[in-house]
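Single-structure report; data block below.
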């Protein structure tokens, strides 16, 4: 099992945002996490990626307990994420945004940056090539030198994904990648996600666009009020009366 | 087109360098050269502050204290142990780096103006130590008799000769700062400043870079302090008042944060300050007003205005090319 979430509980004062949730994510699958607004999806992402320390339970990644580790270390272990509200570096070009995430490729030391410009320049070339690879994967290489925040919304989302992939993750957590995208953009995103999986990267996905979720997910887990109410294949989950009730309410009400 | 602009740039650079080399001859007296020397030192401090504050977003208001630590380290080693400038300089760099990284530790817990207040307080603590540790620092009496530096028998024993030492230090300091900020470290600093939450998710160890940026700024101030101690040959605690830190802050913000050239441009303020010496009491008011105006209307400082002007030129050129090719087709802003 690549990523194991075990009896995870996250409490903020009296509010239990995530209540005793267990999830297992297998290598190579696209695992979607769905549920009504406020059901705790993003909270789970924040715990797994190291932004919150869980109040109960634990998270294991490649067999190692990661809950409680600082976020940057979790990223270094191979778990990357994107943000629901875009968080691009606003002073940077698209290329620079991606290059920030390439720190693990860099071998030069600080003193070399002070006294050895040639070694640094050589490494910069390699980093640029690595970054361009990611931009090509996301089909945004022609915007490399544009200021990232000046791009249309849909493209900014892709810069976020390119940046996450640049950390060379084994699993990537995508928080509503299709939010705000039109139909064409969503279709293109679907192709890109399938391409990412084909490259051997596991995808853990929070998404409200049910069409997209049903098209690409191998496993779907459903959250409601911080509890997991269902898990299974797309077809099984979409027929589950408990799930229908969570989304649409009880019949006869 | 491109080769022509590089040619012009090279010519301008050569002209600037020639002008800088000729400055001691152009200046009418020692006093004017002295002001140029002080300008160089302030530019060094501002380069450091620009890395910490402009690039990494870490407001470090202990710059005056670091400059004092550099100056005192050099003075004490030179006067008590006869260390020459070329040894006091690296020693002071190590000392300011160590103390700088300690002062930087609170950046792990507090940010923005809270960090400003903490560094301000720690800087004052350092100054108070310098005044009160009379056995070591001679307190308010200061330390006289610091030797001028020499290089292969050439002694920098006049303002004019010292000018070239300061000029070399500023050029080297600028080039190193540029080298640091242009590549990986600069990007990590800016990532911390732009969005530290996202930076963490990109695997950036933000605490490390915050401490590094503040430590670099401390070393820059320390080097300026060493140069000052050996130039002035006498130092006392009252030279390092908080006013100097505020001045460097003003210089950096007016020049342009996050752009090293801004620190060079800000150097003009040192000369301006000297020219307006008669209004000395009003200086703090002037700094305050300048900073408020910059923050409100020109967040990028002088360099920001220059960049905006260049962008407008570029988009006008693009528009002209557009209309030239496509007749009178509609055309928007470049971005």
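Protein chains in written order, with our numbering: chain A, 2 to 254; chain B, 91 to 425.
C-beta: ideal position from N, C-alpha, C; glycine also.
All values reported here derive from a predicted model rather than from experimental measurement.
Since residue 231 of chain B is in the beta strand (DSSP E), which residue starts that stretch and which ends it?
-> Counting along the chain, residue 231 of chain B falls outside any beta strand (DSSP E), and DSSP gives it neither H nor E.
Got a sec: is the Cβ-Cβ distance from residue 153 of chain A to anything in chain B below 8 angstroms?
-> no
What did DSSP end up calling residue 151 of chain B once you bin it into helix, strand or coil?
-> coil
Using CA coordinates, which residue listed in A:234, A:242, A:76, A:228 is at the minimum distance from residue 36 of chain A?
-> A:228
Neighbourhood of residue 108 of chain B by C-beta, 6 angstroms cutoff - its chain only, sequence neighbours within 5 removed | none
Among A:174, A:242, A:108, A:27, which one has its Cα closest to the Cα of residue 84 of chain A?
-> A:174
Sorted by chain position, which residues of the same chain lie with C-beta nearer than 7 angstroms to residue 179 of chain A's C-beta, five sequence neighbours on each side aside?
-> 187, 190, 208, 210, 213
Length of the line joining the Cα atoms of residue 103 of chain B and residue 230 of chain B | 44 angstroms
With a CB to CB cut of under 8 angstroms and the five nearest residues on each side skipped, what residues in its chain are close to residue 121 of chain A?
-> 109, 113, 114
Against chain B: residues of the segment 120 to 153 of chain A by CB proximity under 9 angstroms | 121, 122, 124, 125, 128, 147, 148, 151
Chain B beta carbons: is any one of them nearer than 8 angstroms to that of residue 93 of chain A?
-> yes
What span of residues does the beta strand (DSSP E) with residue 13 of chain A cover, start to end?
-> 4 to 13
When you compare only the Cα positions, how much space is there between residue 358 of chain B and residue 287 of chain B?
-> 37 angstroms
Do residue 202 of chain B and residue 353 of chain B have their CB atoms nearer than 8 angstroms?
-> no
Going by beta carbon distance, what residues of the same chain come within less than 6 angstroms of residue 17 of chain A, once the five residues before and after it are set aside?
-> 227
Could you list the residues in the segment 243 to 274 of chain B with a C-beta less than 7 angstroms from some C-beta on chain C, going in chain order?
-> The chain inventory of the structure shown lacks chain C, comprising the protein chains A and B.
Measure the C-alpha to C-alpha separation of residue 253 of chain B and residue 157 of chain A and round it to an integer number of angstroms.
-> 50 angstroms
In terms of alpha-carbon separation, which member of B:212, B:185, B:270 lies closest to residue 195 of chain B?
-> B:212
What's the call for residue 261 of chain B, buried or exposed, on a 16-neighbour Cβ count within 10 Å?
-> exposed
What does residue 231 of chain A pair with, by DSSP beta-bridge criteria?
-> A:223
Alpha-carbon spacing of residue 295 of chain B relative to residue 193 of chain B, whole angstroms | 18 angstroms
Contact set between residue 397 of chain B and chain A, taken where Cβ atoms lie within less than 7 angstroms | Per Cβ cutoff of 7 angstroms: no residues; residue 397 of chain B is ~12 angstroms from chain A at best.
Cβ-based neighbour list, residue 179 of chain B, same chain, cut-off 8 angstroms, excluding 5 preceding and 5 following | 164, 313, 316
Which residues, taken in chain order from the segment 289 to 317 of chain B, show a beta carbon closer than 8 angstroms to some beta carbon of chain A?
-> 289, 290, 291, 292, 293, 294, 295, 296, 302
May I ask you to report which of helix, strand or coil DSSP gives residue 240 of chain B?
-> strand
To the nearest angstrom, how far is it from the Cα of residue 310 of chain B to the Cα of residue 160 of chain A?
-> 36 angstroms
Starting from the Cα of residue 25 of chain A, find the closest Cα among A:111, A:38, A:9 and give me that residue.
-> A:9
Output yes if chain B places a C-beta closer than 8 angstroms to the C-beta of residue 254 of chain A; else output no.
-> Legend: pLDDT at residue 254 of chain A = 48, less than 50; position of this residue unreliable, no value from coordinates given.
Using a Cβ cut-off of 8 angstroms, which residues of the segment 274 to 285 of chain B contact any Cβ in chain A, in chain order?
-> 274, 275, 277, 278, 280, 281, 283, 284, 285
Is there at least one Cβ from chain B nearer than 8 angstroms to residue 7 of chain A's Cβ?
-> no
Where does residue 171 of chain A sit, in a helix, a strand or coil, going by DSSP?
-> coil
Would you say residue 43 of chain B and residue 159 of chain B are within 8 angstroms of each other, going by their C-beta atoms?
-> This structure does not reach residue 43 of chain B, given that chain B is present from 91 up to 425, and the question cannot be answered.
Identify each residue in the segment 46 to 80 of chain A for which the Cβ-Cβ distance to at least one residue of chain B is less than 7 angstroms, and report them in chain order.
-> 50, 72, 73, 76, 77
For the beta strand (DSSP E) that residue 57 of chain A lies in, which residues bound it at each end?
-> 57 to 62
Can you round the beta-carbon distance between residue 141 of chain A and residue 101 of chain A to whole angstroms, since I take them to be within the 8 angstroms contact cut?
-> Contact flag wrong, Cβ pair sits at about 16 angstroms.
Since residue 117 of chain B contacts residue 126 of chain B with CB under 8 angstroms, what's their CB separation in whole angstroms?
-> 7 angstroms
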